[in-house]
Amino acid sequence: MSATKKSIIILIADDDAEDRMLVKEALEESRLTNQIQFVENGEELMDYLHNRGRFTDKEQHPTPGLILLDLNMPKKDGREALKEIKEDEHLRVIPVVVLTTSKAEEDILRTYNLGVSSFITKPVTFASLVDVMKILSKYWLEIVELPKH
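Per the working numbering: the sequence shown ends with 184, consecutive numbering throughout.
Right, here's the structure in full:
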C-alpha cells in the first residue's frame, strides 16, 4: 500500500449480495486496505449514517469518507437516500459515487442534480470491475483532498 492512501471508511450500499462480494473482492484485488462497511438498502444506509438501530456503536460504524451507492435497492432506493444525504448539513460533505447497473440518462442527470460526486456504470466483467476499483481508489484515496470527519 502506498503511504499516501488515506485510511477512510468506505461504505457500500448495494442490495445484491453477489455485487457486494464482487466489489469487495475487486477492492481487495486492487490492494485496497481501507475498512469496508456494507448496507443493503437506503434505510440501512441512513441508519448507518445517523448511527441508529443496529448501527448505534460509532466505533464499529464510524462516519464513512466515501459512499459507493447503488440506485436500485428495496425499501429506500439510492436516489432517495442520496437526496437525504445531500440535504443534511453534516452528511452532504461525504463524497457519494453512484455504482449501478443503470445507464439511463435520467438517472445520470438526476443524481448529478442531487449532488453525486461521480456516476459509474458497473462493469460487466470482474477484470473490468477491478480496473474501475483501482482507478476509483487511487482517485478518491490518493489524489483528492477529502474533508475530515
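By construction, the Cβ of each residue, glycine as well, lies at the ideal position given by its N, Cα and C atoms.
- Taking one beta carbon from each stretch, the segment 126-134 and the segment 149-160 have 3 or more pairs nearer than 8 Å; the two touch.
- With a threshold of 16 other beta carbon atoms within 10 Å, Lys157 meets it and is buried.
- Secondary structure of Ile102 (DSSP, three-state): strand.
- Between Glu64 and Met108, the alpha-carbon positions lie close to 26 Å from each other.
- The Cβ neighbour count for Leu144, taken over all protein chains shown within 10 Å, is under 16; the residue is labelled exposed.
- 9 Å or more divides the Cβ of Glu115 from the Cβ of Gly88.
- For Ser153, there is no enclosing alpha helix (DSSP H); the enclosing beta strand (DSSP E) has its first and last residue at 153-156.
- The Cβ neighbour count for Pro182, taken over all protein chains shown within 10 Å, is under 16; the residue is labelled exposed.
- The secondary-structure analysis by DSSP pairs Leu62 with nothing; it has no beta-bridge partner.
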